[in-house]
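Below is one structure, written out as structure tokens, with a few remarks after it.
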Amino acid sequence: MTAEPEVVRSDLVLRAVSELRRTGGDLTAVLRTTSTVLHCPVTLAGADGGTLAGEPLEPAERAAMVDVLPQAPVAWAAPYRVDLPNGAVLLAVAVLSAGPVCWLVARLPGVVPAEVAAVPEVLTVVAPAVGERLALRRLELERDARQRTSLLGELVHGEPSEATRRRAVDLGWQLDGWHTGIRIGADGQVDVAGRRTDVVEAFDAEGLRAVVVEQGDGWSAWITAVREPTATEVQQQAAGIRRVQRRLVQTVDTYVGVGRVQPGPSGIATTLAEAGDAAGLARGRAETGRFLHVDRLGLAQLLLAWTRTDTFQPAAQALLAPIKDQPGDLVTTLAVYLDTESSLAETAAVLGIHRNTASARIAKIQHLLGVDLTNPDERLALHLASRTTLTE
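According to the numbering used here, the sequence shown is numbered sequentially starting from 2.
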């Protein structure tokens, strides 16, 4: 009876070792086996609390974990305990691998001293098995990334050979058709190979089937259509890509450029080059949500060069004077509204305000300026004026 806690702990560790020997499967199988041994959910989580494998953490659990666990990579760390407001407990052990720091997390519904003592020891035994599988998966990710990057390089630098076409078919890439290039850049340190799946899933969630390739500090992607898209379809697609960016920006600080629709294998290189130029400009334009679409960009940049002349700037300032000092930053609101082609939903999303607030601001702008924003001539004048005012 005196040794009972140690006996419980030893029994769980031995059972975990025995089960892991029989588990020759992938990471999911290891986590499932560990959950069965411990009779509680087990998750592999990143430093931000995001789920890498296993059952997802609840938002409150994730927030509590991020507050307690170290964010920087650790050579070794003792088990961590996170007490939740509902009485449950998270027990976490660092997993050592070549990639970013991650944590093996068990969730206990209540505080039982024997379990709180035993579970971390089991996790410590399981962690090396998880680290081994992560290392193997990392090797596969990097091998696949090199293959995709190499193939894209061949497509960009000339007409594809028969061998290149066969490799593209093997990867499921469609070279013929009409292509829309997308460049997604990421600020800060980002595991580009490891996060590619998140990018693919973001496109899939919006019903966009995209080829995604790791490149530099982000990803190059393109969407292929069998026939040339109509103007309406192009704008719908651009709106979908905006939503993809909003999904990604929850965990990665991104900026996005979208190229024009281009035909054939050579069109992939052309549209990706345009997307790259657009992304470079989008990076410094927070007022557009760090998103630029080349369909509007070419003409906008040409006109913008004219708006920076000495004769235009005083006229622009006079035109916008009635809304310049009004609360709610109406000049920026007007610019974003016109950049997003009069979409209140997109305007609200870029500015981080409610749709009704955006609608009220636009109504106030029209009233104060005495303009009709459905009139193309007035829209163009105000668009140029707001652009040149914001870029002074």
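C-beta: ideal position from N, C-alpha, C; glycine also. Given the structure is predicted, the values throughout are model-derived calculations rather than measurements.
On the criterion of 16 or more Cβ atoms from any shown chain inside 10 Å, does residue 373 qualify as buried, or is it exposed? exposed
Exposure of residue 303, with buried meaning 16 or more beta-carbon neighbours within 10 Å: Interpretation of residue 303 is limited by its pLDDT of 46, a score under 50 that renders its predicted location unreliable; the figure taken from the coordinates is listed afterwards. Looking at its Cβ environment, which holds fewer than 16 other Cβ atoms inside 10 Å, residue 303 is exposed.
Would you mind stating whether residue 269 and residue 156 have Cβ atoms separated by less than 9 Å? yes
Pull the bridge partners of residue 55 from the DSSP assignment, please. 44
Just the C-alpha distance for residue 376 and residue 349, rounded to the nearest angstrom, thanks. 22 Å
Check whether the Cβ atoms of residue 146 and residue 107 sit closer than 9 Å, and answer yes or no. no
Does the count of Cβ pairs from the stretch 284 to 294 and the stretch 208 to 226 closer than 8 Å reach three? no
Using alpha carbons as the reference points, say which of 90, 40 and 358 lies closest to residue 59. 90
Using a 10 Å radius around the Cβ and a threshold of 16 neighbouring Cβ atoms, would you call residue 334 buried or exposed? buried
Less than 8 Å between C-beta atoms, sequence neighbours within five positions excluded: which residues of the same chain meet that for residue 379? 372 and 373
In chain order, what residues of the same chain lie with their CB nearer than 8 Å to the CB of residue 52, ignoring the 5 residues before and after it? 44, 45, 46 and 58
Nearest residue (CA-CA) to residue 219, options 191, 233, 206 and 238: 191
Per-residue DSSP class, three states only, for residue 354: coil
Across which residues does DSSP place residue 1 in a beta bridge pair? In this structure the chain extends from 2 to 393, so residue 1 is not present and cannot be described.
Terminal residues of the continuous beta strand (DSSP E) containing residue 93? 90 to 96
Give every residue of the same chain whose Cβ lies closer than 7 Å to the Cβ of residue 40, excluding the five residues on either side of it in the sequence, and list them in chain order. none
To the nearest angstrom, how far is the alpha carbon of residue 172 from that of residue 223? 14 Å
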